[in-house]
Amino acid sequence: MTGEASQDRDNGLERAAGEMRELLDSARRRIWLQTRSQLLCALPPIDIAEALSRVARRSRYADLRLLIDDALALKEGQPQLARAVMRLTTAVEVRCFQPEEDTPASLLLIVDQHAWLYLVQHQGHVGLKSMHDDPPGARIAADRFDESWIFGTEALELRNLMI
4 MTGEASQDRD
14 NGLERAAGEM
24 RELLDSARRR
34 IWLQTRSQLL
44 CALPPIDIAE
54 ALSRVARRSR
64 YADLRLLIDD
74 ALALKEGQPQ
84 LARAVMRLTT
94 AVEVRCFQPE
104 EDTPASLLLI
114 VDQHAWLYLV
124 QHQGHVGLKS
134 MHDDPPGARI
144 AADRFDESWI
154 FGTEALELRN
164 LMI
């Protein structure tokens, strides 16, 4: 990757992180996040754990879901998020999915009933689409998320098992 392509990628990831922060700050009841762990770890720091915790405390009807490809990589690369998920076992549902080998790394974030973000990174390029007030788009994104969620398996690596 050339220096210019690397800088473009870094700028795209920085922009995506800023958009994610805004969306997470606005969350009141629902946060759904589907991502590959490597992409989440490549982003500049975002306090997803704080957003999940805040929404879980704010509403007993919070709908918090995390769909990832590799729970162990998430534990290593995002330890604060992993600890929050393990602490909030009744509030946050976590599942793992198996992405196709040749698909680009992507991240889908859905906040409440109106906002969504889609980030894709492939061969050093970053694509970003984010909408803050788009209920129909959020519904379509939620349907896509649900399709993957159904086939996911529980992420036992991110659960405190009581014996």
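With my numbering as the guide, the letters of the sequence shown map in order to residues 4 to 166. Yeah, the Cβ is synthetic: ideal placement off N, Cα and C, and Gly gets one too.
Cβ neighbours of Gln116 within its own chain (closer than 8 Å, five residues either side excluded): Arg33, Pro138, Ala141 and Arg142.
Rounded to whole angstroms, Pro107 and Gln124 show a C-alpha spacing of 6 Å.
Of the candidates Leu70, Leu46 and Leu111, Leu70 places its Cα closest to the Cα of Val97.
Annotation: the continuous beta strand (DSSP E) that includes Ser133 extends over His128 to Met134. Here Ala59 has Ala65, Leu67, Leu91, Ala94 and Val95 as same chain residues with Cβ atoms under 8 Å from its own Cβ, once five neighbours each way along the sequence are excluded. Within the region 53-93, the runs of alpha helix (DSSP H) at least 4 residues long that lie entirely inside it are, in chain order, 74-80 and 82-90. Of the other Cβ atoms in all chains shown, fewer than 16 fall within 10 Å of the Cβ of Gln101; this residue is therefore exposed. If you ignore the 5 residues before and after Pro48, its C-beta comes within less than 8 Å of the C-beta of Ala20, all in its own chain and listed in chain order.
Between Ser109 and Leu120, the CB-CB gap reaches or exceeds 8 Å. In summary, Gln81 is buried, with 16 or more beta-carbon neighbours lying within 10 Å of its beta-carbon over all protein chains present. Remark: C-beta atoms of Leu16 and Ala45 approach each other more closely than 8 Å.
Annotated as proximal: Leu77 and Leu43, with beta-carbon spacing under 8 Å. By the CB criterion at 8 Å, Ala87 and Ser62 fall outside the cutoff. In the three-state reduction of the DSSP assignment, Ala141 falls in the helix class, which pools H, G and I.
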